[in-house]
Amino acid sequence: MNRLPWYTFFALCCSFSSCLTEADPQQDNYWSTHVPFRVSYNTFSMPVTEKWIPLPENLGAVPLSEASGLAYSYQNPGKIWTHQDSGNTNILFLLDSETAEIVAKYRIEGTVNIDWEDIEVSFGPEENITYLYISDTGDNNLRRNQYTVYRIKEPVFEEAHRGQTITLSNLELDQIDFDYPDGSHDAEGLMVDPETLDIFLTTKRSTFSKLYVLPYPQENGVRNEAVFAGEFGFRDSSAATTNLQGDKVLIKNRQEIFFWERQMGETMVEMLARTPLRAPYIGEPQGEAICLDPNNNYFTLSEELNSSTPPNLYKYLLSN
C-alpha cells in the first residue's frame, strides 16, 4: 500500500493542526453526554458564499445510470471514486477528474451492495494511510434493521488496470455494522472527521435531515449503535463530504449545497450546529454525489435523467 508523499502529508497535517480543535472529545466521554442540536433557518434567503466561482466546468458525461457518491482519490491524484446504489453490484468506478471517463473498475470482494449511498476518502486506523469509507445505508422504505459502513485502505491504480474490472480480494476489510437508537433511517450522506475518525451520516427522509455519528473506534464485525448528534434546518440530504483537513464541509440535497467552514477550537458537530452558507449549484436531474479535491474545488454528479441522458461531472472552482 502506497503512503501519502511526505510533503503532502506534512502540508495536510500543518493545515489540519492549525485550524482544528486541540481537544480530544473521546477523552471526556464526549458522545455519552452529547445533547443533540436542533437548528432552524430559512434556506431560501440564505446567502451564497463567494468562495467558489458560480458556474462550474462541465467535464463530460459519465456512463452510469445511478451514480450515488463521489470521493477524490489521494492515492491516485487526478482521479475520483464513485459507485452506484441499490440494484447494482459491489463495484467502485475510478474516474478521470479532467475528462470524466471511467479509467478502471474495482470489485470489492467481501462486500454486498444492498444500497450504497455515499463514499469518502479520509484517514483511518493506520496512521498516514488514506482509507475508503463506503456507506451501505440507503433505506427508501425504512425497513432495514441493520446498516453497514465498509472501510478499506484506498486501492492504488496501475496502468495495467486501465479499462479493466479488477477484483480486489484478501483485503483488510472493516465491516462496521450498526443500527440507530430510534428506528430505521435512509442515510444518503457520509463524511469522516479526519481529526477524531468519527463517521457522520446524514438522513434524507426525516422531516428535517438528521445527523448521526459512529464514534471512533468503531467495532469491526459486531453491531454498533449510532448516536443522534443533531437536526439540520433543511430536508432531503443526498450527499455529504469534508476535505482531508476537516475544515470544510459540504452537504447537498436535490436543490442546494450547504457549506460550513471550521473555526479554531470547534468540533465537527459544533461547526454543523451553526447556520451554513449556500455554495453555488446549477442544479442536476437527481444530484446525489459531491466531493472536494485537495485544492478545495468541488465536484458533483447526478443519477441519469429518464434512463436516457448520461449525467455530467461538474467541477466548481475555488475563486481565490
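Residue numbers -23 to -1, 1 to 297, in mature numbering (1 follows the signal peptide of the UniProt record, and there is no 0), belong to the letters of the sequence shown in order. Heads up, the beta-carbon is just placed ideally off N, CA and C, and yes, glycines get one too.
In terms of Cβ geometry, SER63 and ARG120 do not form a close pair [threshold 8 Å].
The Cβ-Cβ distance between THR114 and GLU131 does not fall below 8 Å.
Taking the C-beta atoms as reference points, ALA250 is found no nearer than 8 Å to LYS229. For TYR124, the secondary structure class from DSSP, reduced to helix, strand or coil, is strand.
Judged by beta-carbon spacing, GLY46 lies within the 8 Å limit of ILE96, meaning their Cβ atoms are closer than that value. Between GLU280 and SER112 a beta carbon distance of about 16 Å is seen, past the 8 Å cut, so the two are scored as non-contacting. Per DSSP, MET23 is not a residue of any alpha helix (DSSP H), being assigned neither H nor E.
When secondary structure is reduced to three states using DSSP, HIS60 falls in the strand class.
For the pair ILE153 and LEU191, the CB atoms are nearer than the 8 Å cut-off. Listed in chain order, the non-local C-beta contacts of LEU294 below 6 Å within the same chain comprise ILE30 and ASN274, local neighbours out to five positions each way being set aside. Judged by pairs of C-beta atoms under 8 Å, the stretch 80 to 89 touches the stretch 57 to 71, as three or more such pairs exist.
LEU249 carries a helical assignment under DSSP once its states are collapsed to helix, strand and coil. Note that the C-beta distance between THR218 and LEU269 is below 8 Å. Between the alpha carbons of ALA256 and LYS56 lies a distance of about 23 Å. PHE209 and PHE236 do not touch by the CB rule: their CB atoms are close to 13 Å apart, not below 8 Å. Proximity to GLU78 across GLU103, LEU36 and ASN117 peaks at LEU36, based on C-alpha coordinates.
Listed in chain order, the non-local C-beta contacts of ASP159 below 7 Å within the same chain comprise PHE205, local neighbours out to five positions each way being set aside.
Collapsing the DSSP output to three states places SER214 in coil. MET241 is bridged by DSSP to nothing; it lacks a bridge partner. From the listed residues ASN297, PRO54 and PRO288, the smallest Cα separation to GLU265 is found for PRO288. DSSP places GLU94 inside the beta strand (DSSP E), whose first and last residues are 93 to 100.
Following the DSSP letters along the chain, one finds ILE143 inside the beta strand (DSSP E) bounded by residues 142 to 145. ALA48 carries a strand assignment under DSSP once its states are collapsed to helix, strand and coil.
Straight-line measurement puts the Cα of LEU109 at about 16 Å from the Cα of GLY223. Unbroken alpha helix (DSSP H) stretches of 4 residues or longer found wholly inside the stretch 262 to 292: none. By the 16-neighbour rule on beta-carbons within 10 angstroms, GLU243 is buried. The Cβ neighbour count for LEU188, taken over all protein chains shown within 10 Å, is at least 16; the residue is labelled buried. Counting the other Cβ atoms within 10 Å of the Cβ of THR277 gives 16 or more, which makes it buried. Beta-carbon to beta-carbon, LEU227 and ILE267 are separated by about 6 Å, close enough to satisfy the 8 Å threshold.
The Cβ atoms of ARG182 and ASP151 do not sit closer than 8 Å to each other. A direct Cα-to-Cα measurement between GLY260 and GLY87 gives close to 36 Å.
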